[in-house]
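Asker: Residue 1 is where the sequence shown starts when you use my numbering, and the numbers rise one by one after that.
One structure, as structure tokens, below. Some questions next.
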Amino acid sequence: LFILFISIESFRCQFVEIQTRLGKIRGIQIRTANNNPALAFLGIPYALPPIDDRRFQKPSIHPKWSPKTLIATGYQSCCPQLDINGDPHGSEDCLYLNVFTPLKNLQREQFVHSNDQKLYPVMIYIQGESFENGDAALYGPEKFLDWNVILVTFNYRIGVLGFLSTGNETVGGNWGLYDQLLVLQWVRSNIESFRGDPNKVTLFGQGAGASSAIIHLLSPLSAGLIHRVIAQSGSPLCSWSMQYNPEIIAKDLAKRMGCMKQKFTQESIECLRRAKMSDLIKAQLQQSSKIFGEYPHQYLPVIERFNPFSLIPTNPRKLIQSINYNRLPLIMGYNQDETAFLLPLILSPKNFHHNGSLRNYLEEKLLPLFMRATFAQNASSTSSLSDDFVMIDLKQSNLKPAHFESDIRQNILYKYFNFLQSKNLTDLALRFVKLSKFGDIFLESFADVDANEFHNKTFNNFANSNIAIITDPK
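Right, here's the structure in full:
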């Protein structure tokens, strides 16, 4: 993150302007990880601000800005969310994207005026963070651009403002996903102005971003807009990625905001539209713990059964069973230690009140919360605690249970976090084995013993699945 800001700030004085069908855009020159020149166009609006009557609505495309020149030399605000201290920050005027393109052997003037129309492949990144957090400014292009690809990052609505739903036509939900869809459409229409190839678009993401990417893979609304998908540690089949009881969450929010008397009505929605953004974000915090609550990750994608032409018209599992989804190359994998960022929160003094013993804290506090969060929709799942082991039942016959050695504190936490990231892969992979109908398979080496065992036992079953599996090799 530090290197990203230094690299962009160091070259901010070198501007470049290009002509697009929307109008002129002024960007800046930056340097890649290998010190090659590249261009950055930061803070391009792709939708009107989703405020007032546009709150809890599908995004409206941003109009042209010509004859003016759009100054795209700095990142725009992230969408409203809670910071690490649980305080609201960000702006509802947040629907902006960033385009990074390599210069390769071209000078800036040649990039703008050359008739050489060689186009680069495009990669669109969807950040994760459980559909509750995320900021496109955190993900830099330095290493990507050395491989001569164009990178697009963007903000989309998250949390209550991105995924509030009543489960019916009143408030359909999935606003953040429709923001993503609009970005895909924007790239299709405009990326050639940045020397990007609209017919070579790879959509990839991590966590919630990976789940989103596969939703677009399954949705006919995204057909023709993407051509390859990479899913890192997530899918719509993971237990944390879909909300199947959105009306309960919506009614609870309305009560907390004083927007509901006896029934949830259209007046309740208008009341929520008039509410202060910060109050909505605070109410979201009250509804669930930031780490593991009674209803972990409440504001999530929902099934829009009332609209057959929606992004998710039925259960994602049924979409996979059908032959109507987009048959595209798919890479799946997971990132090692990806949830270790929770350590400072879990082990903070305010959370540590269990007789001063880390072991007592893990057994009495962390593990029960972990079980509730991990198996939120499987209340029958249980944990067995003993002096030597903590057993986590994965309910997957292909994988042996994960063992947490209670006497070795570091191993407890280490295996806990690595269990979470591997579960993000196997939740989808095991189901694709059973549900997917056809396609190609590409297999790479796995990072740990359990994953290798999974690979050996399921290799033959993957012969007919449209899936590729990779991990981060060490």
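Positions of the beta carbon are idealized from the N, C-alpha and C atoms, including for glycine.
Note that the coordinates shown come from a computational prediction; the quantities given were computed from them, not determined experimentally.
Locate the beta strand (DSSP E) running through Tyr96, then write down its first and last residues.
Answerer: Note, Tyr96: beta strand (DSSP E), Tyr96 to Pro102.
Asker: Suppose you measure from the CA of Val122 to the CA of Gln262; what does that come to, to the nearest Å?
Answerer: Taking the straight line joining both Cα atoms gives about 50 angstroms.
Asker: Leu182 and Leu328 - do their beta-carbons sit closer together than 8 angstroms?
Answerer: Cβ atoms of Leu328 and Leu182: not closer than 8 angstroms.
Asker: Report the option in Leu285, Ile230, Ser189 and Glu17 whose CA atom is closest to the CA atom of Ile331.
Answerer: Ile331 has its Cα closest to that of Ile230, out of Leu285, Ile230, Ser189 and Glu17.
Asker: For Gln81, write down the residues that DSSP places opposite it in a beta bridge.
Answerer: Answer is His89, bridged to Gln81.
Asker: Please determine, among Tyr96, Gln76 and Ala38, the residue with the shortest C-alpha to C-alpha distance to Ile61.
Answerer: Among Tyr96, Gln76 and Ala38, the Cα nearest to that of Ile61 belongs to Tyr96.
Asker: Whose C-alpha, out of Pro141, Asn155 and Val149, is nearest the C-alpha of Asp135?
Answerer: Among Pro141, Asn155 and Val149, the Cα nearest to that of Asp135 is on Asn155.
Asker: Should Thr153 be labelled buried (16 or more other beta-carbon atoms within 10 Å of its own) or exposed?
Answerer: With 16 or more other Cβ atoms within 10 Å, it is buried.
Asker: Evaluate Pro301 with the Cβ neighbour count: other Cβ atoms within 10 Å of its Cβ, from every protein chain shown; 16 or more gives buried, anything less gives exposed.
Answerer: Label assigned to Pro301: buried.
Asker: Can you tell me the Cα-Cα spacing of Ser241 and Tyr75, whole angstroms?
Answerer: Straight-line Cα distance between these residues: approximately 28 angstroms.
Asker: From Gly23 to Tyr46, what does the alpha carbon distance come to, in whole angstroms?
Answerer: Approximately 13 angstroms between the Cα atoms of the pair.
Asker: Give the DSSP bridge partners of Gly205, in chain order.
Answerer: In DSSP, Gly205 forms a bridge with Ile126 and Ala231.
Asker: Rounding to the nearest angstrom, what Cα-Cα distance links Val16 and Thr170 in this structure?
Answerer: Taking the straight line from one Cα to the other gives about 45 angstroms.
Asker: May I ask which residues mark the beginning and end of the beta strand (DSSP E) holding Lys282?
Answerer: Not the beta strand (DSSP E): Lys282 falls in the alpha helix (DSSP H), residues Met277 to Gln287.
Asker: Beta carbon of Leu177, beta carbon of Phe56: below 8 angstroms?
Answerer: No, these two residues do not count as a Cβ contact at 8 angstroms.
Asker: Whose CA, out of Leu48, Leu145 and Val99, lies closest to the CA of Asn35?
Answerer: The shortest Cα separation from Asn35 among Leu48, Leu145 and Val99 belongs to Leu145.
Asker: Using 8 angstroms as the threshold, is the C-beta distance between Leu253 and Gly86 below it?
Answerer: Contact: no.
Asker: Please name the residue in Gln206, Ile25 and Leu237 whose C-alpha comes closest to that of Asn133.
Answerer: Comparing Cα positions, the closest option is Gln206.
Asker: By a C-beta neighbour count over all protein chains shown, 10 Å radius and 16 as the cutoff for buried, is Pro102 buried or exposed?
Answerer: By the neighbour-count rule (16 or more Cβ atoms within 10 Å), Pro102 is buried.
Asker: Just checking my contact of Leu161 with Glu92 at CB under 8 angstroms: how many whole Å lie between their CB atoms?
Answerer: Going by Cβ atoms, the distance from Leu161 to Glu92 rounds to 7 angstroms, so yes, they are a contact pair.
Asker: Taking the alpha carbon of Arg31 as the point to measure from, which residue in Lys143, Ile18 and Thr69 has its own alpha carbon closest?
Answerer: Nearest option by C-alpha distance: Lys143.
Asker: Can you find the residues in the same chain that come closer than 8 angstroms, C-beta to C-beta, to Gly258, ignoring five residues on each side of it along the sequence?
Answerer: The residues are Cys271.
Asker: Put Gln19 into one of helix, strand or coil per three-state DSSP.
Answerer: DSSP places Gln19 in strand when its eight states are reduced to three.
Asker: Where does the unbroken beta strand (DSSP E) through Gly140 begin, and where does it stop?
Answerer: Where Gly140 is concerned, there is no enclosing beta strand (DSSP E), given that its DSSP letter is neither H nor E.
Asker: Which word fits Gln14, buried or exposed, when buried means at least 16 other C-beta atoms lie within 10 angstroms of its C-beta?
Answerer: When all chains shown are included, Gln14 counts as exposed.
Asker: Just checking my contact of Pro141 with Ala38 at CB under 8 angstroms: how many whole Å lie between their CB atoms?
Answerer: Correct: roughly 7 angstroms between the Cβ atoms.
Asker: Shortest alpha-carbon distance to Lys282 belongs to which of Leu82, Ile214 and Pro67?
Answerer: The shortest C-alpha separation from Lys282 is found at Leu82.
Asker: So, at 7 angstroms on beta carbons, what are the nonlocal neighbours of Thr265 in its own chain, with the 5 sequence-adjacent residues on each side left out?
Answerer: Nothing meets the Cβ criterion.
Asker: Who are Ala38's beta bridge partners in DSSP?
Answerer: For Ala38, which the question treats as bridged, DSSP gives the partners Ile30 and Pro102.
Asker: For the putative contact between Ile150 and Tyr120, defined by C-beta atoms under 8 angstroms, what is the C-beta separation to the nearest angstrom?
Answerer: Between Tyr120 and Ile150 the Cβ distance is about 5 angstroms, and since that is below 8 angstroms, they are a contact.
Asker: What would DSSP say about Asn190, mapped onto helix, strand or coil?
Answerer: Three-state DSSP puts Asn190 in a helix.
Asker: Ends of the alpha helix (DSSP H) at Phe264?
Answerer: Segment: none, Phe264 is in no alpha helix (DSSP H) and carries neither H nor E.
Asker: Around the Cβ of Arg317, are there at least 16 other Cβ atoms within 10 angstroms (buried) or fewer (exposed)?
Answerer: Its Cβ having fewer than 16 others within 10 Å, Arg317 is exposed.
Asker: Taking 8 angstroms as the cut-off, decide whether the C-beta atoms of Gly209 and Asn307 are in contact.
Answerer: No, these two residues do not count as a Cβ contact at 8 angstroms.
Asker: Note down the Cα distance separating Phe309 from Ala33, rounded to an integer number of angstroms.
Answerer: Their Cα atoms are separated by approximately 43 angstroms.
Asker: Would you say Ile215 and Ile320 are within 8 angstroms of each other, going by their C-beta atoms?
Answerer: The answer is no: Cβ separation not under 8 angstroms.
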